[in-house]
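In this text, residue positions in the sequence shown follow the UniProt record's numbering: the first is 1, and each later residue adds one.
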Amino acid sequence: MSRRLISTGSPLEKSVGYSRAVIDGDFAFVAGTTGYDYTTMTMPADVTSQSRNCFKTIATALKEGGFEMADIVRATYYVTDANYIDAHFAVCGEVLGDIRPAATLLVVSALAKPEMKVEIEVTAKRRSA
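Take a look at the structure:
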């Protein structure tokens, strides 16, 4: 199976040189995803909504690549304030509670833009039929 690039259509993908996801064989590597609502092109103010939007974007990229959320085997979370952890983890539990990938959370000093409170990246492995 060949390598396939998944795009959200963001102009940054070309100018910065990244893809929303890269499909390589039975693996999907989804880039760090922030909480933009791509329908309205806005960033919600709260970490709960941002976390939900991250997972929505991730699910869309995985689906386009022929994967499901249940295929996620690894997740890395970046939050800009330790006070966001509980709210973020509540969303993680809603979305990944039954999937339970290996996961790491890091508290970072900042993300690319000040309104960004959370960023999520995942790796998925296609399950055998």
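Just so you know, even glycine gets a beta-carbon here, dropped at the ideal spot from N, CA and C. Note that the structure is predicted; figures quoted are calculated from it, not measured.
Task: Identity of the residues DSSP links to residue 27 by a beta bridge - done: Stepping through the sequence shown from its first residue, residue 27 is reached at position 27. DSSP, once it has assigned bridges, lists 24 and 125 as partnering residue 27.
Task: Distance CB(residue 103)-CB(residue 59) smaller than 7 Å - done: Numbered from 1 along the sequence shown, position 103 holds the residue referred to as residue 103. Numbered from 1 along the sequence shown, position 59 holds the residue referred to as residue 59. Not a contact, by the Cβ cut-off of 7 Å.
- [ ] State whether the region 108 to 119 contacts the region 43 to 54, with contact taken as three or more CB pairs (one from each stretch) at a distance under 8 Å.
- [x] yes
Open item on the list: Taking the straight line between their C-alpha atoms, what separation do you get for residue 54 and residue 126?
Closed with: Position 54 of the sequence shown holds residue 54. Position 126 of the sequence shown holds residue 126. Answer to the nearest angstrom: the Cα atoms are 21 Å apart.
Task: Same chain, Cβ closer than 7 Å to residue 19, five either side skipped, listed in chain order - done: For the purposes of this step, residue 19 is taken as the residue at position 19 of the sequence shown. Answer for residue 19: 5, 6, 7, 13 and 31, listed in chain order.
Task: Terminal residues of the alpha helix (DSSP H) in which residue 111 lies - done: Counted from its first residue, the sequence shown places residue 111 at position 111. Neither: residue 111 is in no alpha helix (DSSP H) and is coded neither H nor E.
Task: Counterpart residues of residue 102 in DSSP-defined beta bridges - done: By 1-based counting over the sequence shown, the position of residue 102 is 102. According to DSSP, residue 102 bridges with 74.
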